[in-house]
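Residue numbers (the working numbering), protein chains in the order written: chain A, 1 to 373; chain B, 374 to 688.
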């Protein structure tokens with residue numbers, strides 16, 4: 001084993017991008033009007049179409065949307081993990097500490113991955129290689145990026161396992177993935193992602209495959225690690241409820257477009273896009289009346305090959321007008337950076353009339369059912 | 374917390390009181406010791422392995438004892454040809470003697486050297502070419518996949534033995550050329566097996582996870598894809614050794630392989646077939662040597678397939 005890949009890149013930590021200061025006027029991560037299209041036999045799939053956001057250390061960004069809304073593809077693009085072709089970046093830029101990731105060579109990107117930007121995946125049951133011990137897999141990043149020896153890497157793996165709350169870590173590093181439960185494996189994945197102390201942790205639906213009690217533990221663990229390491233987190237989820245407590249900023253995506261972006265406060269208490277309203281109305285209320293049914297968003301997401309004319313949400317939007325069906329809305333941006341892609345987001349009377357009832361009030365406790373449209 | 378967890382683990386063990394499961398939760402074991410544990414329980418595979426080891430030991434150490442006990446495998450003693458010709462099996466000549474008075478057992482033993490060498494070397498050549506070709510086809514896909522796999526189809530479309538004979542006719546006879554011919558022509562099957570193994574392994578999330586960790590293509594192939602698809606290669610290569618032995622025997626039988634007087638099982642069958650009705654042991658005993666050895670490789674290959682299947686651990 002390890003016939004190849006033994007080549008160690010002796011790296012000076014001072015050369016690491018993450019140890020260099022963020023240039024004046026830049027953010028840790030800036031995604032600027034990113035467009036990733038897939039050229040397939042059925043036509044051009046506009047999987048990511050004009051995504052913009054910024055992220056700084058210590059912040060958590062929640063990215064919310066249905067399946068196929070482009071939230072995963074956006075972040076796979078940031079990691080440089082999309083096969084091109086069929087994918088093609090049609091515009092925009094991704095800047096990490098002021099440096100464009102799109103202009104980097106594959107070798108430079110290999111060093112960014114895992115070392116500066118790490119990612120954890122949805123299904124912990126299949127994300128670990130069954131033929132290696134946990135310890136060996138935990139140490140892989142350190143051996144790759146830091147030139148650790150086998151012994152050093154194993155030593156650090158024990159510490160990492162301990163850090164993410166796995167009991168008896170000295171014994172457990174010698175175990176194989178199938179000897180761990182799902183929640184434990186996701187803890188291992190988090191430890192693995194954080195091994196090289198990355199600036200940004202991208203978590204792609206980290207709790208979707210886990211049961212509800214474990215979900216809370218995993219999210220808590222990620223927050224705890226963030227407090228300790230100061231890294232930024234991008235939490236990709238289809239569940240607005242998951243990010244409610246943890247996100248500083250939230251981006252709501254629909255059909256490849258970010259339809260609303262703002263602080264968690266703004267998204268929950270002052271949302272201005274009808275799709276966001278729909279998502280908020282679909283969150284089950286733990287204290288609610290059992291007989292009371294949720295208000296779903298009618299219909300299905302559109303095909304990305306054949307997007308409807310005008311606003312992509314218009315076929316499902318209860319407030320859609322003829323203008324919505326013919327004309328793509330411009331971004332409506334407020335002075336705080338809160339933006340929305342809807343013709344009527346600027347219309348205070350329209351928003352006040354149709355937004356979910358609790359959204360106008362500042363106090364979260366006074367949640368009342370409402371939202372008569 | 375720790376106590377609680379170990380307690381839970383113990384309970385889980387009791388629930389799954391399957392002996393293998395309990396064994397599986399001992400922390401000291403590795404992938405290979407795990408495979409060995411499973412292989413140990415497969416009687417047929419063990420018999421195959423034991424026979425292979427026996428044949429190897431006999432063949433390798435033959436120079437030290439066989440000629441002294443049984444006489445030279447190649448030289449013909451013209452003075453005693455008539456007296457020793459085609460003797461039936463006896464204590465002195467357990468496998469009898471051939472038409473020129475040479476001991477059959479010593480010839481079978483030296484024939485094993487040729488057969489094993491051809492089997493192993495040819496398979497190594499096939500496997501090396503097959504791994505590279507299959508690896509490129511599966512990992513890079515697209516046009517590479519098409520070119521390599523269509524080339525493999527072309528190789529497989531031509532009758533194998535005929536192809537080997539034509540190749541030997543072109544590059545000339547001799548043991549090295551038998552290695553090369555069988556080795557080169559064996560790659561398409563290995564490439565196919567390896568390609569499909571990679572394609573199924575490649576879809577796993579841990580390959581994505583490794584890429585997201587910053588691993589290079591070569592590292593992903595060597596560290597993540599290869600170990601997870603090596604089982605099918607080991608199995609296929611083991612069985613392929615048996616196949617190569619058969620091919621060498623067939624070639625020698627047809628006079629295209631090893632040149633006499635070097636003993637080869639194929640040549641011995643060729644020599645013995647003339648006497649099948651009168652002195653059947655001359656053909657049957659070398660035939661049995663081929664049969665048992667090829668069967669042993671097949672049984673071992675089968676056992677390895679079950680033992681190396683990582684997925685069986687979870688079951």
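Note that CB positions come from ideal geometry on N, CA and C, so glycine has one too.
Note that the structure is predicted; figures quoted are calculated from it, not measured.
Item to check | Burial state of residue 299(A) (16 or more Cβ within 10 Å) | outcome: Position 299 of the first chain, counted from the start, is the residue given in the question as residue 299(A). Exposed, since its Cβ has fewer than 16 Cβ neighbours within 10 Å.
Checklist entry - So is residue 587(B) in contact with chain A if we call contact Cβ pairs under 9 Å? => result What you label residue 587(B) is simply residue 214 of the second chain in a count that begins at 1. Yes, contact with chain A.
Item to check | Spatially closest choice to residue 207(A) from 75(A), 190(A) and 200(A), by CA coordinates | outcome: In the first chain, counting from the first residue as 1, residue 207(A) sits at position 207. Answer by Cα proximity: 190(A).
Checklist entry - Thinking C-beta only, is residue 75(A) closer than 9 Å to residue 250(A)? => result The residue you call residue 250(A) lines up with position 250 of the first chain. The residue you call residue 75(A) lines up with position 75 of the first chain. No.
Next on the checklist: By the three-class DSSP mapping on this structure, what secondary structure does residue 353(B) have?
Outcome noted: The first residue shown for chain B is 374 and the last is 688, placing residue 353(B) beyond what the model contains.
Checklist entry - Whose C-alpha, out of 306(A), 185(A) and 177(A), is nearest the C-alpha of residue 122(A)? => result Numbered from its first residue, the first chain carries residue 122(A) at position 122. Nearest option by C-alpha distance: 185(A).
Item to check | Contiguous beta strand (DSSP E) assignments of at least 3 residues, all confined to the stretch 24 to 105 of chain A | outcome: 29 to 40, 43 to 55, 60 to 64 and 87 to 96
Checklist entry - Nearest to residue 242(A) by alpha carbon, out of 284(A), 17(A) and 44(A)? => result Stepping through the first chain from its first residue, residue 242(A) is reached at position 242. Comparing Cα positions, the closest option is 284(A).
Checklist entry - Does any residue of chain A bring its CB to less than 9 Å from the CB of residue 565(B)? => result Position 192 of the second chain, counted from the first residue, corresponds to residue 565(B). So, not an interface residue.
Item to check | Per-residue contacts from residue 110(A) into chain B (C-beta, under 8 Å) | outcome: On the first chain, position 110 is the one that residue 110(A) refers to. Neighbours of residue 110(A) on chain B, chain order: 587, 588 and 589.
Checklist entry - From the beta carbon of residue 692(B), is the nearest beta carbon of chain A less than 9 Å away? => result The question about residue 692(B) has no answer here: the residues shown for chain B are numbered 374 through 688.
Item to check | For residue 228(A), the residue or residues it bridges with in DSSP | outcome: Taking the first chain and counting its residues from 1, one reaches residue 228(A) at position 228. Paired residues: none, contrary to the question.
Next on the checklist: For a contact defined as C-beta to C-beta under 7 Å, what are the partners of residue 466(B) on chain A?
Outcome noted: Your numbering for residue 466(B) matches position 93 in the second chain. Under the 7 Å cutoff, chain A gives no residues; its nearest Cβ is about 48 Å from residue 466(B).
Checklist entry - Counting only beta-carbon atoms, is residue 132(A) nearer than 9 Å to chain B? => result Along the first chain, read from residue 1 onward, the residue named residue 132(A) stands at position 132. With 9 Å as the cut-off, residue 132(A) counts as an interface residue toward chain B.
Next on the checklist: Distance cutoff 9 Å, beta carbons only. Does residue 582(B) sit that close to anything in chain A?
Outcome noted: Residue numbering aside, residue 582(B) sits at position 209 when the second chain is read from its first letter. Yes, residue 582(B) counts as interfacial toward chain A.
Checklist entry - Taking the alpha-carbon positions, what's the residue 116(A) to residue 69(A) distance? => result Stepping through the first chain from its first residue, residue 116(A) is reached at position 116. Stepping through the first chain from its first residue, residue 69(A) is reached at position 69. Whole-angstrom Cα-Cα distance: 26 Å.
Next on the checklist: Please list the terminal residues of the continuous alpha helix (DSSP H) segment that includes residue 285(A).
Outcome noted: Translated into positions along the first chain, residue 285(A) becomes position 285. First-last for residue 285(A): undefined, no H or E at that position.
Item to check | beta strand (DSSP E) segment containing residue 260(A), residue limits | outcome: Here residue 260(A) refers to the residue found at position 260 when the first chain is read from its first residue. Start and end: 257 to 263.
Checklist entry - When DSSP labels each residue in this structure, what does residue 408(A) get in the three-state scheme? => result Since the displayed chain A opens at 1 and closes at 373, residue 408(A) lies outside it and no answer follows.
Next on the checklist: Let's test the definition: count the other Cβ atoms within 10 Å of the Cβ of residue 471(B) and tell me whether it reaches 16, buried, or not, exposed.
Outcome noted: Sequence index remark: in the second chain, residue 471(B) carries index 98 (1-based). Buried, since its Cβ has 16 or more Cβ neighbours within 10 Å.
Checklist entry - Does any heavy atom of the ligand GTP sit closer than 8 Å to the C-beta of residue 195(A)? => result Questions concerning the ligand GTP fall outside what the structure shown contains, since it holds no ligand whatsoever.
Checklist entry - When the Cα of residue 232(A) is compared with those of 200(A), 295(A) and 225(A), which residue comes out closest? => result What you label residue 232(A) is simply residue 232 of the first chain in a count that begins at 1. For residue 232(A), the nearest C-alpha among the options comes from 200(A).
Item to check | DSSP state of residue 334(A) mapped onto helix, strand, coil | outcome: Counted from its first residue, the first chain places residue 334(A) at position 334. Coil at residue 334(A), not helix or strand.
Item to check | One or two residues paired with residue 435(B) in a DSSP bridge | outcome: In the second chain, residue 435(B) corresponds to position 62, counting from 1. BP columns for residue 435(B) are empty, so no partner.
Item to check | Helix, strand or coil at residue 475(B) according to DSSP, with G and I counted as helix | outcome: As a first step, residue 475(B) must be located in the second chain, where it is residue number 102. Three-state result, residue 475(B): coil.
Next on the checklist: So residue 499(B) and residue 613(B) are supposed to be a Cβ contact under 8 Å. How far apart are they, rounded?
Outcome noted: As a position in the second chain, residue 499(B) is number 126, starting the count at 1. As a position in the second chain, residue 613(B) is number 240, starting the count at 1. Right, their Cβ atoms sit about 6 Å apart.
Checklist entry - Which residues in the same chain as residue 94(A) place their Cβ atom closer than 8 Å to its Cβ, once the five residues preceding and following it in sequence are excluded? => result The residue given as residue 94(A) occupies position 94 in the first chain. Closer than 8 Å at the Cβ level, and outside the excluded window around residue 94(A), lie 29, 30, 31, 32, 34, 77, 78, 100, 101 and 102.
Checklist entry - Just the Cα atoms here: how many angstroms apart are residue 522(B) and residue 565(B)? => result Along the second chain, one-based indexing puts residue 522(B) at 149. Along the second chain, one-based indexing puts residue 565(B) at 192. Approximately 8 Å, taken between the alpha carbons.
Checklist entry - At least one CB of chain A closer than 9 Å to the CB of residue 613(B): is that the case? => result Walking along the second chain from the start, residue 613(B) turns up at place 240. No, its Cβ sits nowhere closer than 9 Å to a Cβ of chain A.
Next on the checklist: So residue 141(A) and residue 192(A) are supposed to be a Cβ contact under 8 Å. How far apart are they, rounded?
Outcome noted: Here residue 141(A) is taken as the residue at index 141 of the first chain, counted from 1. Here residue 192(A) is taken as the residue at index 192 of the first chain, counted from 1. That pair is a contact at about 7 Å.
Checklist entry - Would you say the stretch 461 to 481 of chain B touches the stretch 605 to 623 of chain B, given that touching needs at least three Cβ pairs under 8 Å? => result no
Next on the checklist: Between residue 118(A) and chain B, is any beta-carbon pair separated by less than 9 Å?
Outcome noted: Here residue 118(A) corresponds to residue number 118 of the first chain, with the count starting at 1. With 9 Å as the cut-off, residue 118(A) counts as an interface residue toward chain B.
Checklist entry - Mapping DSSP to helix, strand and coil, what is residue 328(B)? => result Nothing about residue 328(B) can be read from this structure; chain B reaches only from 374 to 688.
Item to check | Straight-line gap, residue 666(B) to residue 516(B) (C-alpha atoms, nearest Å) | outcome: As a first step, residue 666(B) must be located in the second chain, where it is residue number 293. As a first step, residue 516(B) must be located in the second chain, where it is residue number 143. Looking at the two C-alpha atoms, the distance is approximately 41 Å.
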